[in-house]
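Scroll down for the structure; my scribbles are underneath it.
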């Protein structure tokens, strides 16, 4: 599945494929966008890139658990300065 997605988007999983940001928007109740989030985060980190993930539905432990199953250690990437998690789920900004 992911090979077809990478091919369609022109993503080379061996190099950092893009500059800028990726916005994934989905609509309840399917939540299919979650699969793409995990794919893009782990693919980009494994290729040597940096990721800033803003979480609105899940905490960092959720993302770390899924990433671990995909062969990616988010904590190690965070220590290396290549992964940042902004927790908008439990600590939203107050205006």
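Residue numbers (my numbering): 23 to 117. Don't be surprised by glycine CBs; every beta carbon is placed ideally from N, CA and C. Fair warning: this is a prediction, and the values are worked out from it, not measured in the lab.
- request: Please state whether DSSP places residue 77 in a helix, a strand or coil.
  value: strand
- request: Determine the DSSP secondary structure at residue 108, reduced to helix, strand or coil.
  value: strand
task: Taking all protein chains shown into account, decide if residue 110 is buried (16 or more other Cβ within 10 angstroms of its Cβ) or exposed.
output: Exposed, since its Cβ has fewer than 16 Cβ neighbours within 10 Å.
Straight-line Cα distance separating residue 48 from residue 101: About 30 Å.
query: Going straight from the alpha carbon of residue 93 to that of residue 26, what length do you get?
result: Using only the alpha carbons, I get a separation of about 20 Å.
message: Just to check my reading of the structure: residue 62 and residue 82 have Cβ atoms closer than 8 Å, yes? What is that Cβ distance to the nearest angstrom?
response: That belief does not hold up - the Cβ atoms of residue 62 and residue 82 are roughly 16 Å apart, past 8 Å.
message: On a Cα-Cα basis, can you pick out the residue from 79, 80, 59 that is closest to residue 73?
response: 59
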